[in-house]
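Numbering (the working numbering), first residue to last: 48 to 372.
To start, the structure under review is shown below, and the notes come after it.
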Ligand SMILES: [Zn+2]
C-alpha cells in the first residue's frame with residue numbers, strides 16, 4: 048500500500064455485533080424506557096419488518112465525543128471545548144458576512160470543520176464531512192425489557208427481578224419507615240447491526256460559501272492532516288468502544304465487526320451498498336472496479352483487522368482539490 052497517497056473519500060460498511068446494549072432508545076414513558084424501533088424492508092423476504100435501530104445522530108454524537116477526547120483543545124472553538132451542541136452558533140457572529148463566519152469556524156475548530164454546524168445569525172450552514180446512517184438490526188435482533196428496582200441504602204427487601212428468565216434477584220438492607228423502592232423497566236438488545244458511514248477528507252477546511260471561488264481556509268496543511276488523523280482514530284475507537292445511551296449499566300458487549308473499508312485516491316465519489324444485503328461485499332467490489340481504478344476495497348474480518356486497516360489510512364493524507372484560477 049502506498050502511504051503518501053491522498054485519500055478523497057472513505058466509506059465504512061460493515062456488520063457490528065453488540066450484545067446486551069441499550070445504545071439508543073425512543074424515550075421514557077412513565078418508568079418504561081422503550082428501545083428504538085424502525086421499519087425496514089427485510090432484505091431476504093422483501094416484506095416490511097420492524098427491527099432495532101441506532102440512529103445516525105447517536106453514532107455521530109459518539110464520534111464527536113471521541114474526537115473531542117483525542118484532539119488538542121487549542122484546535123477547538125470555545126463552544127466545542129466544552130462540547131456545546133450549538134457548536135459555532137454559540138459564538139457571537141452577528142453582523143459578520145457568511146463567508147467570514149465559516150472561515151473563522153474552519154480556522155478555529157476541528158469539530159466545527161469536520162462535524163458541521165448551523166449558525167442562525169447570519170444563516171451559515173456547514174455540512175458535516177462525516178456522515179452516519181442508522182445502524183440497523185439485521186433480522187433477528189433479540190430484544191428484552193428488564194425490570195429493575197432501585198432501593199434506598201439500608202432498605203432490606205428481596206425483590207424478584209421480573210426478567211423472562213427470572214434469575215436476577217436483588218437483596219438490599221432496609222431502612223425503617225416507608226419504602227423508597229422504585230421499579231423501572233429498561234431495554235437491552237443483542238444483535239448484528241448493519242453500519243454505514245462516509246467520510247470526505249477532501250472537504251476538510253474547504254469553504255464552500257464564496258460565490259466566486261471555493262477556498263481552503265486552513266493555510267497550514269499540517270492542521271488538515273491532524274484533523275484527518277483524529278477523525279480516523281475516532282472511528283477506530285468508536286467500533287471498539289461504542290459509548291451511547293445507558294452505558295453506565297448497559298456498557299455494550301462488543302464482540303465483532305466485519306465488512307469493508309472503501310476509499311478513493313482520486314476525486315471520485317464512492318458507491319454505498321447496505322450491509323443488510325447478504326452479498327454486499329462482492330457487489331461493492333464489482334461496482335468499485337467498474338467505476339474507477341482509484342477505488343480501493345479493503346476487507347476486514349474482525350475488530351483488530353478493522354483497526355489495523357484504518358491505521359493504514361491514518362498514514363496517508365487528506366485529498367486537496369485543485370480549485371482552478
Ligand atoms: Zn467548534
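Think of the CB as a built atom: it goes at the ideal place given N, C-alpha and C, for glycine as much as any other residue.
Pick helix, strand or coil for residue i, following the three-state DSSP scheme.
| i | result |
| --- | --- |
| residue 308 | strand |
| residue 140 | coil |
| residue 228 | coil |
| residue 183 | strand |
| residue 112 | helix |
| residue 254 | strand |
| residue 52 | coil |
| residue 78 | coil |
| residue 170 | coil |
| residue 67 | strand |
| residue 279 | helix |
| residue 61 | strand |
| residue 238 | strand |
| residue 270 | helix |
| residue 153 | helix |
| residue 374 | Within the shown structure, residues of the chain are numbered from 48 to 372, placing residue 374 beyond reach of any answer. |
| residue 369 | coil |
| residue 284 | helix |
| residue 207 | Here the model assigns residue 207 a pLDDT of 39, short of 50, so the residue's position is not dependable and the matter cannot be decided. |
| residue 243 | strand |
How about residue i and residue j: are their beta carbons less than 8 Å apart?
| i | j | result |
| --- | --- | --- |
| residue 289 | residue 307 | no |
| residue 244 | residue 59 | yes |
| residue 241 | residue 62 | yes |
| residue 281 | residue 113 | yes |
| residue 173 | residue 179 | no |
| residue 124 | residue 138 | yes |
Buried or exposed for residue i, please, with buried defined as at least 16 other CB atoms from any protein chain shown within 10 angstroms of its CB.
| i | result |
| --- | --- |
| residue 258 | exposed |
| residue 372 | exposed |
| residue 355 | exposed |
| residue 264 | buried |
| residue 325 | exposed |
| residue 360 | buried |
| residue 213 | Confidence in residue 213 is poor, its pLDDT being 35 and thus under 50, which makes the residue's placement unreliable; the coordinate value appears in the next sentence. Per the 10 Å Cβ criterion, exposed. |
| residue 150 | buried |
| residue 56 | buried |
| residue 48 | Since pLDDT at residue 48 reaches only 45, below the 50 mark, its modelled position is unreliable, and the value read off the structure follows with that caveat. When all chains shown are included, residue 48 counts as exposed. |
| residue 166 | buried |
| residue 100 | buried |
| residue 105 | buried |
| residue 215 | Residue confidence for residue 215 is low, a pLDDT of 36 falling below 50, so the modelled location carries little weight; the figure read from the coordinates is stated next. When all chains shown are included, residue 215 counts as exposed. |
| residue 91 | exposed |
| residue 368 | exposed |
Counting only beta-carbon atoms, is residue i nearer than 8 Å to chain D?
| i | result |
| --- | --- |
| residue 186 | As a matter of chain content, chain D is missing from the structure shown, which is built from one protein chain. |
The stretch 230 to 248 in contact with the stretch 114 to 125 per 3-pair CB rule at 8 Å | Proximity of the stretch 230 to 248 to the stretch 114 to 125 falls short of the contact definition, fewer than three beta-carbon pairs being nearer than 8 Å.
Does the stretch 314 to 322 come within contact of the stretch 135 to 148, defined as at least 3 CB pairs closer than 8 Å?
-> Contact between the stretch 314 to 322 and the stretch 135 to 148 is absent: fewer than 3 CB-CB pairs across the two stretches fall below 8 Å.
Cβ pair count under 8 Å reaching 3, the stretch 269 to 278 against the stretch 153 to 172 | At 8 Å Cβ cutoff, the stretches touch.
Taking one C-beta from the stretch 345 to 353 and one from the stretch 79 to 99 each time, how about it: are there three or more such pairs within less than 8 Å?
-> Contact fails: fewer than three Cβ-Cβ distances are below 8 Å.
What residue ranges within the stretch 287 to 355 form continuous beta strand (DSSP E) runs of no fewer than 3 residues, ordered along the chain?
-> List check, beta strand (DSSP E) in window: 300 to 311 and 342 to 347.
Under a criterion of Cβ closer than 5 Å to any non-hydrogen atom of ligand 3, which residues qualify, in chain order?
-> Questions concerning ligand 3 fall outside what the structure shown contains, since the ligands it does hold are ligand 1.
Beta strand (DSSP E) runs contained entirely in the stretch 82 to 136, provided each spans 3 or more residues = For the stretch 82 to 136, the full-length beta strand (DSSP E) segments reaching 3 residues or more read 84 to 88 and 95 to 101 along the chain.
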